[in-house]
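Numbering (our numbering), first residue to last: 16 to 309.
Just so it is clear, CB atoms sit at the ideal spot from N, CA and C, and this is done for glycine as well.
If you're wondering where the values come from, they're calculated on a predicted model, not measured in any experiment.
Reading through the structure tokens given below for one structure.
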Amino acid sequence: MIQFDADLLKKKQIIENHLDRLFPKENLPYHRLLEAARYALLGGGGKRMRPILALITCETFGGNTADVIEPACAVELIHTYSLIHDDLPCMDNDDYRRGRLTVHRQFSEEIAILAGDYLLTYAFEVISHCHLNDSTKLALIKILSKRSGAEGMVGGQVIDLTSEGKSITLKELERLHQQKTAALLSASIEIGGIVAGVEQNTLETLKTIGFHLGQAFQIVDDIIDVTNSEIKHGKKTSSDQLKEKSTYVSLLGLDQAKHLARDHYQKSLRSLRTLNYDTTQLERLAAFILYRSF
Ligand code: GRG
């Protein structure tokens, strides 16, 4: 098991400081909306994996933090909206996230829906107002909208919902998570590359790396879901099992799931090493994605 080193913790702090600045505490007639968005986004212990990926990728290809920080935060806003909506009674109906009440339990269901809507919309406002040139901003908006929309995260969530209680194949599970989880992680890496001004073929390689890291991330998430329920409750019934969801662990068993996660990790490293840049930081983050649970 590995944890964030000092450098990753520093990046996490830079991101959290910037997220804080994006939400000034003003006494506006709709202050409940801003409070709910802040509650979901700040102070609850998220890993900030997506914005960190954007920052590190941008630095790897010679870009700088000041240029990528706003697009990186925009990805975190979209990720946070997806978590708020995923927790709603009509979806996963979860009462707790990151050890605190979920937004609909702390505020109300209406405010949770609207806080998610607001974070999604605000993400694109943040990009459209940042100081990058218009063609870069357009490229970022294209990637982010595609990876979070029907072809990406939202479509993946629909496949997930409609697959509950059914048995699906490994290929179908991979497709589901390619959209639901890997698309936004990949967008984070691609965004870092776009801001640094990489060429199209490098961008394609970054997309492949995003796919493998996204799959590894999801497999590890499935493993954590099972091992945590064993540690916490002493039983093998994870939250995914209770919802009758197919997972990598339910389809492959724990050992084969770990093997598949390692395989995706190795493939991401192989792609990274074709790039002829110093990819040490990205390799460290890839190792964290894999070894955060085993
Ligand atoms: C509701 C449109 C919509 C989409 C929801 C991403 C998602 C789709 C649901 C989240 C459910 C889930 C547990 C997905 C598996 C992988 C994942 C995205 C985990 C949560 O991301 P982390 O681990 O969370 O980066 P933190 O708390 O660190 O930000």
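Check, Outcome
"Rounded to a whole number of angstroms, what is the C-alpha to C-alpha distance between C145 and C73?", "16 Å"
"Output needed for D22: all residues of its chain with C-beta closer than 6 Å, excluding positions within five of it in sequence on either side, in chain order.", "none"
"Would the beta-carbon of H100 be found less than 7 Å away from any heavy atom of ligand 1?", "yes"
"Nearest by alpha-carbon distance to L228: which of K258, E187 and L275 is it?", "L275"
"From Q194 to R307, what does the alpha carbon distance come to, in whole angstroms?", "22 Å"
"Got a sec: does ligand 1 put a non-hydrogen atom nearer than 7 Å to the Cβ of T196?", "yes"
"Are there any heavy atoms of ligand 1 lying less than 7 Å away from the beta-carbon of Q233, as far as the coordinates show?", "yes"
"Hey, would you say S203 sits closer than 8 Å to L68, going by beta carbons?", "yes"
"Strictly by DSSP, which residues pair up with Y111?", "L116"
"Applying the criterion that 16 or more other CB atoms from any shown protein chain within 10 Å of the CB defines a buried residue, is M168 buried or exposed?", "buried"
"With three or more C-beta pairs closer than 8 Å as the rule, is the stretch 97-106 touching the stretch 211-231?", "no"
"Suppose you measure from the CA of K27 to the CA of R63; what does that come to, to the nearest Å?", "6 Å"
"Have a look at L49 and I126 and give me their C-alpha separation to the nearest angstrom.", "10 Å"
"When you compare each of V264, G170, A81 and C105 to A197 by their alpha carbons, which one comes out closest?", "G170"
"Spatial neighbours of F122 within its chain, please: C-beta separation below 7 Å, excluding the five flanking residues on both sides.", "R47 and A51"
"What's the gap between the Cα of C88 and the Cα of F303?", "20 Å"
"With respect to 7 Å, is the separation between the Cβ of V169 and the closest non-hydrogen atom of ligand 1 below this value?", "yes"
"For T262, which residues of its own chain have a beta-carbon under 6 Å away from its beta-carbon, when the five flanking residues on both sides are left out?", "D237 and D255"
"Mind checking whether G268 and L70 have CB atoms under 8 Å apart?", "no"
"When the distance is taken between beta carbons, is P86 closer than 8 Å to V210?", "yes"
"So does Q172 have its beta carbon nearer than 7 Å to some heavy atom of ligand 1?", "yes"
"Residue ranges of each alpha helix (DSSP H) run of no fewer than 4 residues wholly in the stretch 138-223, ordered along the chain?", "149-163, 168-178, 185-192 and 198-211"
"Identify, in the order they occur along the chain, each residue of the same chain with its Cβ nearer than 6 Å to the Cβ of A231, setting aside the five sequence neighbours on each side.", "A276, H279, Y280, I304 and L305"
"If you count every other CB in all the chains shown that lies within 10 Å of the CB of Y133, and 16 or more means buried, which is it?", "buried"
"Among N291, E205, A272 and L56, which one has its Cα closest to the Cα of I239?", "A272"
"Please go through the same chain and pick out, in chain order, the residues whose beta-carbon is closer than 7 Å to the beta-carbon of L34, but skip the five residues on each side of it.", "L56, L57, C88 and E91"
"Between H192, E259, G61 and A138, which has its C-alpha nearest S160's C-alpha?", "A138"
"When you measure from the CB of R307 to every non-hydrogen atom of ligand 1, does any distance come out below 7 Å?", "no"
"With respect to the alpha helix (DSSP H) encompassing Q18, which residues constitute its N-terminal and C-terminal limits?", "Per DSSP, Q18 belongs to no alpha helix (DSSP H) and is neither H nor E."
"Rounded to the nearest angstrom, what separates T289 and V118 at their Cα positions?", "43 Å"
"Taking G61 as the reference, which of R115, T151 and I84 has the closest Cα?", "R115"
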